[in-house]
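Here the structure is laid out as structure tokens; the discussion comes afterwards.
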Amino acid sequence: MLKTTYDTFKETTYFEVLPNGLTVYLVPKPGYAKTYGMFSTRYGSIDNHFNVEGHPEIKVVDGIAHFLEHKLFEEPEGDVFMKFAIQGASANAFTSHTRTSYLFSATGEVDANLNTLLDFVQRPYLTDENVAKEKGIIEQEIRMYDDQAYWRAYRALMENLFHVHPARIDIAGTIESIYKIDVESLMTCYKTFYHPTNMVLVVVGDFDPERLMQLIRDNQAAKNFVAQAVIERHFPEEPPTIASPYSEIAMPIAKPLCMIGFKERELGLTGHDLVRRDLTTRILMDTVFGKSSDLYQELDDAGLIDPSFGFDYESSLGFSFAYVGGETEAPEQLIARLKAGIAKAKREGISEAAFNRTRNRKIGEFLRVFNSPEHLSYEFTSYLFQEADLFQVPTLMEGISVADGMQRLEELFDESVMTVSLVKPSEVKEAVAA
Amino acid sequence: MKFRTSEADGLRIHVLPTAKFKTTTIVVDILSPLRPETVTLNALIPAVLERGTRKTPTVKGLQERLDDLYGASLDSMMFKIGERQVAQFELEVPNEKFLSHAPALLEQGIKLLAEVLLDPALDGEAFRATAVELEKEALRKRVEGLFNNKGRYAAIRCVASMCADEDYRLFSYGRIEDLAGIDAARLYSHYRQWLKTSSIDVFVVGDVDPDAVTAMLRSALVIPGRQVAELPPTVVKATAGTPREVVDRFDVNQGQLVMGFRTPVTFASSDYPRFTVYNGVLGGYAHSKLFANVREKASLAYSAFSRFDSHKGLLMIQAGINIENFEKATAIIHEQLEAIAKGDVCEDELLQTKAMIANDYREMADSPGQLAHFALVQGVEHTPRNVAELLEAIEKVTVEDLQAMARKVSLDTVYFLRDKETVEATHA
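Protein sequences, first through last, are from chains A and B.
Each step along the first sequence adds one to the number in numbering that gives the first Met the number 0, with nothing skipped, and position 45 is 44.
Each step along the second sequence adds one to the number in numbering that gives the first Met the number 0, with nothing skipped, and position 285 is 284.
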């Protein structure tokens with residue numbers, strides 16, 4: 000077990016790779032009531048075409064990673080929620096484009112809960128009946144999101160940005176695709192991606208790390224995993240261009256929702272290079288679009304934005320993009336002003352003082368991650384999956400200059416890779432007033 | 000973990016020193032009665048205050064000052080505790096001991112917070128008209144924008160129609176119809192009254208010296224002429240009349256079913272721990288009857304849960320379902336209610352629910368915001384409840400107690416947000 004101490008943050012991590020290949024990180028948080036365990040696999044919705052080295056390639060239907068996430072909660076004895084509940088733990092899971100994570104949060108019975116987490120994820124129980132039953136539940140999940148304007152706008156944005164990359168496909172798949180999923184295809188994906196070599200366990204809480212690591216070692220030693228070669232993931236050749244510059248959807252909402260996206264063209268970055276680019280882009284976007292920017296002030300004064308206005312950068316191995324937007328009565332004006340604001344920043348440059356101020360704020364905000372075991376587990380795992388170290392973030396940020404920001408502005412915020420996703424109200428407002 | 004409280008001029012300061020967190024959180028809760036005459040005025044105040052102070056009259060300028068405090072954040076929100084409207088300001092400041100070059104941040108943060116609250120940018124004896132007009136427009140959009148999230152919209156619509164004759168119907172961010180009558184001068188004079196008469200609680204959670212931080216707050220938050228008005232109790236209707244059905248039709252993919260029930264139980268009732276368990280067994284968790292039966296067994300929904308508003312005595316059940324499954328879903332929900340009434344609750348369900356509730360209460364200790372909220376609620380409801388005693392009471396709850404709780408629940412309103420199809424609906 001490798002112990003690392005971070006003096007600045009007064010935090011310590013314990014790390015070990017178990018004989019079966021599972022990576023484990025323990026982060027003790029003395030004084031905390033809750034222990035939070037997160038068990039994750041590098042497997043998300045985009046991993047739909049793959050093979051294990053030496054074996055034939057497999058292509059699966061959309062939504063299978065998410066479907067599997069639902070199904071692992073089922074045990075021969077019933078729902079694993081029941082077991083967690085009796086141990087006083089709340090459990091959950093989520094699937095993203097690139098990962099699936101299972102988690103529990105508990106203020107007692109940490110050993111039992113941790114064993115339950117490891118066991119249920121590592122013991123699939125799939126039958127024709129229980130797979131069929133899940134389809135109705137996931138159908139309702141898809142329908143629920145289909146009625147949410149933000150999700151629809153975001154989905155359309157992804158479709159506009161990507162020609163063929165599977166990031167353009169809904170994480171949950173479609174109602175049509177999920178009805179094609181069967182036990183066999185689920186098991187194929189399970190065996191490939193839920194191998195310990197492809198997974199990470201992070202536990203945060205007030206515990207004795209030596210003792211907890213022993214419990215994890217014992218749990219894993221009692222299970223048999225056949226050694227597995229490297230997983231090869233296949234992605235279609237994604238052109239650097241955007242698939243479509245504009246899309247429009249009508250649905251029953253109160254006012255238009257407009258998102259503007261920019262597609263990253265350089266896709267080869269990994270590890271600290273990827274993280275550094277991510278952090279630079281975030282500081283830049285905050286400087287250009289954030290509350291302390293001239294542009295924000297201008298949009299706000301013109302009544303073109305409201306508290307829903309926001310921006311984000313999503314950075315993954317293989318696909319990255321930035322987006323800006325929110326609800327607005329005048330999407331055309333908002334788009335025009337955002338474009339003009341970006342052009343002005345490129346032309347006149349960004350103030351070094353403003354950029355450094357934003358950067359210092361981001362460094363301060365970073366401390367908040369350590370207040371929350373769930374947030375810490377989530378971020379820590381994300382960084383690991385990008386082959387990077389969360390604790391390096393402040394140091395990396397301190398080394399980012401306004402020149403780096405300007406370079407990002409030129410590279411990413413280019414109209415040739417810009418797309419607009421608009422969701423418009425389909426019904427008259429009179430029907431709306433609450 | 001217990002807050003140390005000091006009170007002067009109806010302004011209470013509660014401090015919880017703890018080395019657990021790397022930031023210091025300061026929550027200011029300003030409480031006034033939830034009334035149609037003032038709901039919109041109150042809601043506009045925090046928004047206008049956040050537009051700038053006398054010294055720093057722009058949003059941009061304020062944000063720059065926060066940025067200079069290394070990631071300090073200042074946010075406001077409105078919510079209600081029964082029929083009291085709460086304006087909440089939250090300041091979070093990093094603790095400088097974890098930063099390499101940062102100056103002392105807490106005192107500067109407190110001064111900035113006080114400046115925003117007490118020293119706004121003015122135009123004579125009025126707020127600035129542009130700031131007020133922008134925030135009136137933002138409020139209008141916020142109320143209209145509720146419709147963009149169908150689940151939330153359905154929940155709000157159901158409560159609004161249930162409580163059509165009660166102040167509780169009011170949305171904590173106000174009403175569109177009031178906006179036309181509000182101008183910068185009227186809002187400013189209301190603000191002065193609001194500061195003078197509202198009940199104010201300040202909570203501090205972090206690695207702080209309680210005496211020093213209390214002194215900082217006392218000297219920063221000086222409000223002359225305080226005459227705090229007593230907050231009226233919330234009206235609780237113990238039982239419903241004949242159940243009503245309300246249907247809204249829009250072009251949606253999924254139906255949103257909300258069932259609203261009346262109960263006489265509130266945070267202050269001796270039944271509170273028993274009812275907390277009742278709600279947990281029914282639909283508070285992923286092991287609960289609603290989730291297990293509506294979702295897992297019948298596969299009718301992705302989300303199916305119940306929620307208890309202990310300040311108004313309302314129990315709400317909600318599920319997102321296919322439109323044609325309305326009868327099926329409501330029938331299964333009624334079966335779950337009847338099951339508890341008949342005592343059909345197994346030992347495991349009871350143990351699971353108690354363990355989950357205990358976990359929820361213990362987890363509060365890790366969240367500055369939740370600690371502050373729990374302390375606030377106790378004061379507002381004049382009911383001190385410590386977690387250990389609550390857990391002890393919850394531990395004692397029996398199946399018979401749950402049956403007794405089931406008798407206290409009566410259906411008030413069934414709300415259904417459904418599709419626009421012209422096919423005649425049997426329950427419309």
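Just so you know, even glycine gets a beta-carbon here, dropped at the ideal spot from N, CA and C.
Nothing here was measured: the structure is a model prediction, and the numbers come from that model.
- The shortest CA-to-CA distance from Asn-41/B to any of Leu-112/B, Ala-120/B, Phe-170/B, Ser-409/B is the one to Phe-170/B.
- Runs of the beta strand (DSSP E) lying entirely within the segment 362-417 of chain B and spanning at least 3 residues, in chain order: 409-417.
- Not a single CB atom of chain B sits nearer than 9 angstroms to the CB of Ala-342/A.
- In terms of Cβ geometry, Pro-195/A and Leu-366/A do not form a close pair [threshold 9 angstroms].
- A distance below 8 angstroms between beta-carbons, with the five flanking residues on each side excluded, links Leu-43/B to the following residues of its chain, in chain order: Val-131, Glu-134, Lys-135, Leu-138, Gly-173, Ile-181, Leu-186.
- Linking Val-120/A to Leu-71/A through their CA atoms gives a straight-line distance of about 6 angstroms.
- Contact annotation for Asp-145/A against chain B: Asn-252, Gln-253 [CB-CB distance below 8 angstroms, chain order].
- Under the Cβ criterion of 9 angstroms, Phe-8/A is counted among the residues facing chain B.
- DSSP places Thr-329/B in the uninterrupted alpha helix (DSSP H) bounded by 325-340.
- In summary, Ala-103/B is exposed, with fewer than 16 beta-carbon neighbours lying within 10 Å of its beta-carbon over all protein chains present.
- Going by DSSP, Val-274/A is part of the alpha helix (DSSP H) stretching over 270-288.
- Rounded to whole angstroms, the separation of the alpha carbons of Leu-214/A and Asp-110/A is 7 angstroms.
- In this structure, DSSP gives Gly-70/B a state outside helix and strand, which the three-state scheme calls coil.
- Residue contact check for Arg-356/A against chain B: a CB pair falls below 9 angstroms.
- Using a Cβ distance threshold of 9 angstroms, Arg-191/B and Leu-10/B do not count as a contacting pair.
- In the structure shown, Ala-303/B falls within a strand segment according to DSSP collapsed to helix, strand and coil.
- No Cβ of chain B is located within less than 9 angstroms of the beta carbon of Tyr-13/A.
- Identification of chain B residues near Asp-305/A by a Cβ-Cβ cut-off of 9 angstroms yields Glu-136, Ala-137, Lys-140, Arg-141, Gly-144, ordered along the chain.
- The beta carbon of Pro-367/B falls within 9 angstroms of a beta carbon belonging to chain A, placing the residue at that interface.
- With contacts defined as CB atoms closer than 9 angstroms, Thr-34/A and Asp-311/A fail to qualify as a contacting pair.
- For Lys-222/A, the closest Cβ of chain B is not nearer than 9 angstroms.
- A straight-line Cα-Cα distance of about 7 angstroms links Val-408/B and Thr-238/B.
- The Cβ atoms of Lys-134/A and Tyr-178/A sit closer than 9 angstroms to each other.
- Between Val-376/B and Ile-80/B a beta carbon distance of about 6 angstroms is seen, short of the 8 angstroms cut, so the two are scored as contacting.
- Secondary structure note for Glu-132/B: its alpha helix (DSSP H) is the uninterrupted segment 128-144.
- Here DSSP, grouped into helix, strand and coil, assigns Met-76/B to strand.
- By the neighbour-count definition (other C-beta atoms within 10 Å, threshold 16), Val-225/A is an exposed residue.
- Among the CB atoms of chain A, none fall inside 9 angstroms of the CB of Leu-48/B.
- Assignment of Asn-252/B by DSSP, reduced to helix, strand and coil, places it in the coil class.
- Assignment of Gly-325/A by DSSP, reduced to helix, strand and coil, places it in the strand class.
- Residues of the segment 72-84 of chain A with a C-beta less than 7 angstroms from any C-beta of chain B: Asp-78, Phe-80, Met-81, Ala-84, listed in chain order.
- Put simply, the backbone Cα of Ser-218/B is about 51 angstroms away from that of Leu-410/B.
- The alpha-carbon of Asn-278/B is positioned some 21 angstroms away from that of Ile-320/B.
- Within chain B, the residues whose beta carbon sits less than 7 angstroms from that of Phe-369/A are Lys-21, listed in sequence order.
- Thr-265/B places its beta carbon less than 9 angstroms from that of His-310/B.
- For Glu-326/A, the neighbours in chain B by C-beta distance under 8 angstroms run, in chain order, Lys-140, Gly-144, Asn-147.
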